[in-house]
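J.:
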Amino acid sequence: AEYLMALQPIAKLVELQQPQLIIFQAGVDGLVGDRFGRFALTREGLQERNDFVYSLAAAYGIPVVITMGGGYHRDIQKTVHASADVYRQAAWTWNEVSK
9 AEYLMALQPI
19 AKLVELQQPQ
29 LIIFQAGVDG
39 LVGDRFGRFA
49 LTREGLQERN
59 DFVYSLAAAY
69 GIPVVITMGG
79 GYHRDIQKTV
89 HASADVYRQA
99 AWTWNEVSK
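Quick note on numbering: the sequence shown equals residues 9 to 107 in the numbering used here.
#1: Residue range of the beta strand (DSSP E) that F60 falls in?
#2: Kindly indicate which three-state DSSP category Q85 falls into: helix, strand or coil?
#3: Beta-carbon within less than 6 Å of F32's beta-carbon, same chain only, minus the 5 sequence neighbours each way: which residues are those?
#4: Count the other CB atoms, across all protein chains shown, that sit within 10 Å of the CB of R43; report buried if there are 16 or more and exposed otherwise.
#5: Could you tell me the distance, in whole angstroms, from the CA atom of L49 to the CA atom of V88?
#6: What's the C-alpha gap between A14 and R57?
#7: If you drop the 5 nearest sequence neighbours on each side, which residues of the same chain put their C-beta closer than 7 Å to that of D37?
#8: For V105, is the classification buried or exposed, using 16 other Cβ atoms within 10 angstroms of its Cβ as the cut-off for buried?
Spelled out as structure tokens, the structure:
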């Protein structure tokens with residue numbers, strides 16, 4: 009919850025600046041148990057982060073470029089699943105917006 013609250017000012021910034029593109033460096037090293045990340049977010053927390061970015065972009069009609077970042081969980085499957093969520097959620101949002 010604290011992490012998502014820290015992202016909230018981005019919404020106002022997007023509203024004020026009206027960017028033509030959002031570049032989302034969507035690393036999953038914030039996942040709890042990651043060897044290098046320190047945020048200790050759950051997979052659901054990362055999904056909420058993704059949803060925040062995609063919903064914001066959709067609300068303003070801003071295209072998003074998604075790049076992968078870190079993800080170094082000791083259980084590689086957790087990194088894989090969280091990374092896949094980034095793209096699944098993007099596809100879902102795109103499909104919803106395109107209706």
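Glycine included, C-beta positions come from ideal geometry on N, C-alpha and C.
T.: Based on what the coordinates show:
#1: Unbroken run through F60 is the alpha helix (DSSP H), R51 to Y68; no beta strand (DSSP E).
#2: Helix, per DSSP.
#3: V61, V72 and I74
#4: exposed
#5: 15 Å
#6: 11 Å
#7: F44, G45, G77, G78, G79 and Y80
#8: The residue is exposed, with fewer than 16 neighbouring Cβ atoms inside 10 Å.
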